[in-house]
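Visitor: First, the structure itself, so that you have it in front of you.
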Amino acid sequence: DIDKQTQGKFRSYTIDITYPLAWGREGVEAKLASLCAESVDAIRGGKNILIVSDRAVGPTQVAIPALLALSAIHQHLVREGLRTTAGLVVETGSAREVHHFALLAGYGAEAVHPYLALETLASIAPSLPGEVGADKAIANYVKAIGKGLSKVMSKMGVSTYMSYCGAQLFEAIGLDSQVVDKYFTGTVSRVEGIGVFEIAEEAIRMHRAAYGTDPVLSQMLDPGGEYAWRVRGDEHMWTPDAIAKLQHSTRANNWSSYKEYAQIINDQSRRHMTLRGLFEFRIDPAKAIPVDQVEPAAEIVKRFATGAMSLGSISTEAHTTLAIAMNRIGGKSNTGEGGEDPKRYRAELQGIAIREGDTVGGVIGEANVEVEQTLEGGDSLRSRIKQIASGRFGVTAEYLVSADQIQIKMAQGAKPGEGGQLPGRKVSEYIGQLRHSVP
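Counting from 235, one number per residue, gives the positions in the sequence shown under our numbering.
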């Protein structure tokens with residue numbers, strides 16, 4: 235009890251964000267209006283901690299999505315000039331991942347109680363490896379969420395949770411402008427979509443799936459397919475079929491298999507897997523430009539440049555292939571922060587060209603490649619963009635002189651994840667030598 239533990243300094247009030255299933259989707263707007271009015275009454279009645287809770291969800295009660303309910307209350311209190319007089323705590327079973335907590339924080343939650351996640355951890359703790367007890371499992375989860383939030387905030391240059399709370403550092407995709415203006419006021423939204431009734435329909439659909447009457451499915455959880463591809467689950471851009479065709483095409487050097495793979499990937503737009511899949515070209519024949527006035531493809535590709543991926547994060551074969559391909563079309567490959575073997579550019583700087591039939595192993599040493607690649611006359615293994623990072627791996631005067639462009643990395647871009655931290659098991663003697671690192 236917050237009131238007792240703080241000797242009455244914090245006076246809490248619980249706001250139930252569930253409503254009768256019988257109200258249907260039309261009931262969501264009335265309930266949201268009721269929540270806003272209830273929050274104002276509670277504050278004016280002397281409460282200074284509002285607990286936004288969906289614990290009352292049940293067979294006849296459906297919960298409004300916690301983020302929608304929270305933001306509606308937060309925005310209403312801002313408009314009423316009462317937001318700074320009370321704290322908002324969200325008690326929800328829907329918060330599981332770092333992103334969920336980040337969204338709730340960004341739209342006003344000073345604290346989040348993910349009761350269902352904690353209860354689940356306590357339930358499965360006995361089956362976890364290493365004799366992890368419930369308390370340890372919960373502590374690990376809370377620690378992981380905290381670290382994740384720190385990363386999310388640091389990407390935006392935010393140092394403290396209270397600076398992030400209510401900052402709304404997000405952009406909405408797929409929400410109707412009326413929903414954004416009313417319940418997520420101030421959020422940027424360039425691509426509109428569903429309204430509040432469609433949001434309610436989705437909540438009701440999930441509720442019926444959870445409280446269905448099917449004697450078999452009532453005791454089973456739908457895996458959903460959010461994290462991994464599942465039959466009849468959520469759509470994924472990477473499917474087992476696409477991966478199999480890519481692997482077969484590369485291992486067997488099969489061009490027809492690669493075309494099948496490319497067709498699957500290109501079909502993502504037609505399957506509405508990407509934003510660009512929702513767009514169509516506006517073609518006006520009257521404004522057509524003669525082909526002889528259009529820049530040829532051979533000139534356009536010279537502006538192409540690869541991302542900065544260091545040798546070590548990708549294999550020697552992949553790193554050299556990118557350089558060869560970009561040099562053939564006149565584009566630019568990027569070394570990444572891991573340096574580059576001087577043998578790849580030293581001969582070129584001395585005016586010695588690669589001859590037809592030379593191999594990558596013959597240039598940099600056969601011991602440094604696992605899969606040999608035959609080169610064409612005039613090929614170049616030199617990355618035209620040389621990156622310098624904080625570690626200055628492999629950076630020498632010769633390395634810099636061999637660059638057409640020098641890229642200075644100010645911050646790590648490979649996020650989420652642990653970009654910039656190469657696992658020790660991947661650091662071979664060759665990679666260590668290129669980076670001039672000390673064992």
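All C-beta atoms in this analysis are idealised placements derived from N, C-alpha and C, irrespective of residue type, glycine included.
Bear in mind the structure is a predicted one, so any value in this text is a computation, not a measurement.
Go ahead and pull the three-state DSSP assignment for residue 286.
Guide: Here residue 286 refers to the residue found at position 52 when the sequence shown is read from its first residue. Strand, per DSSP.
Visitor: Take residue 597 as the anchor and find which of 531, 558 and 446 has the nearest alpha-carbon.
Guide: Position 363 of the sequence shown, counting from 1, holds the residue named residue 597. Comparing Cα-Cα distances from residue 597 to each of 531, 558 and 446, the minimum goes to 558.
Visitor: Can you find the residues in the same chain that come closer than 6 Å, C-beta to C-beta, to residue 253, ignoring five residues on each side of it along the sequence?
Guide: In the sequence shown, residue 253 corresponds to position 19, counting from 1. So the list reads 261 and 265, once near-sequence residues are dropped.
Visitor: Candidates 516, 372, 281 and 415: which alpha carbon is nearest residue 426's?
Guide: Position 192 of the sequence shown, counted from the first residue, corresponds to residue 426. Minimum Cα distance to residue 426 is reached at 415.
Visitor: Are residue 593 and residue 568 touching if we call contact CB-CB under 9 Å?
Guide: Looking up residue 593 in the sequence shown gives position 359. Looking up residue 568 in the sequence shown gives position 334. No, the pair does not count as a contact, with Cβ atoms beyond the cut-off.
Visitor: Can you give the Cα-Cα distance for residue 522 and residue 537, rounded to whole angstroms?
Guide: Taking the first residue of the sequence shown as position 1, residue 522 is located at position 288. Taking the first residue of the sequence shown as position 1, residue 537 is located at position 303. Distance between the alpha carbons of residue 522 and residue 537 is about 24 Å.
Visitor: In whole angstroms, what separates the C-alpha of residue 489 from that of residue 622?
Guide: Taking the sequence shown and counting its residues from 1, one reaches residue 489 at position 255. Taking the sequence shown and counting its residues from 1, one reaches residue 622 at position 388. Distance between the alpha carbons of residue 489 and residue 622 is about 37 Å.
Visitor: Between the region 570-585 and the region 614-634, do at least 3 Cβ pairs fall closer than 8 Å?
Guide: The region 570-585 vs the region 614-634: in contact.
Visitor: Look at the Cβ atom of residue 291, then the Cβ atom of residue 323, and state whether they are nearer than 9 Å.
Guide: In the sequence shown, residue 291 corresponds to position 57, counting from 1. In the sequence shown, residue 323 corresponds to position 89, counting from 1. In this structure, residue 323 does not lie closer than 9 Å to residue 291 by Cβ.
Visitor: Tell me whether residue 611 is buried or exposed, calling it buried when 16 or more other Cβ atoms sit within 10 Å of its Cβ.
Guide: Within the sequence shown, the letter at position 377 stands for residue 611. By the neighbour-count rule (16 or more Cβ atoms within 10 Å), residue 611 is not buried but exposed.
Visitor: How about residue 403 and residue 340: do their beta carbons lie closer than 9 Å?
Guide: On the sequence shown, residue 403 is found 169 positions in, with the first residue counted as 1. On the sequence shown, residue 340 is found 106 positions in, with the first residue counted as 1. Going by C-beta atoms, residue 403 is nearer than 9 Å to residue 340.
Visitor: Does residue 499 get closer than 9 Å to chain D when you measure Cβ to Cβ?
Guide: No chain D appears in the structure shown, which is made up of a single protein chain.
Visitor: Given a cut-off of 9 Å, decide if residue 421 and residue 406 are closer than it, judged by their beta-carbon atoms.
Guide: In the sequence shown, residue 406 corresponds to position 172, counting from 1. In the sequence shown, residue 421 corresponds to position 187, counting from 1. A contact, by the Cβ cut-off of 9 Å.
Visitor: Which class does residue 334 belong to by DSSP, given the choice of helix, strand or coil?
Guide: The sequence position of residue 334 within the sequence shown is 100, counting from 1. Three-state result, residue 334: helix.
Visitor: Quick check: the Cα distance between residue 247 and residue 281, rounded to an integer number of angstroms?
Guide: Here residue 247 refers to the residue found at position 13 of the sequence shown. Here residue 281 refers to the residue found at position 47 of the sequence shown. Going from the Cα of residue 247 to the Cα of residue 281 covers about 6 Å.
Visitor: Going by DSSP, what residue range makes up the alpha helix (DSSP H) through residue 412?
Guide: Numbered from its first residue, the sequence shown carries residue 412 at position 178. Residues 411-417.
Visitor: Let me confirm a value: residue 454 is counted as buried when at least 16 other C-beta atoms fall within 10 Å, else exposed. Which label applies?
Guide: Counting from 1 along the sequence shown, the entry for residue 454 is found at position 220. Exposed is the call here.
Visitor: Nearest to residue 441 by CA position, among 272, 295, 644 and 480, is which residue?
Guide: For the purposes of this step, residue 441 is identified with residue 207 of the sequence shown, where counting begins at 1. The shortest C-alpha separation from residue 441 is found at 295.
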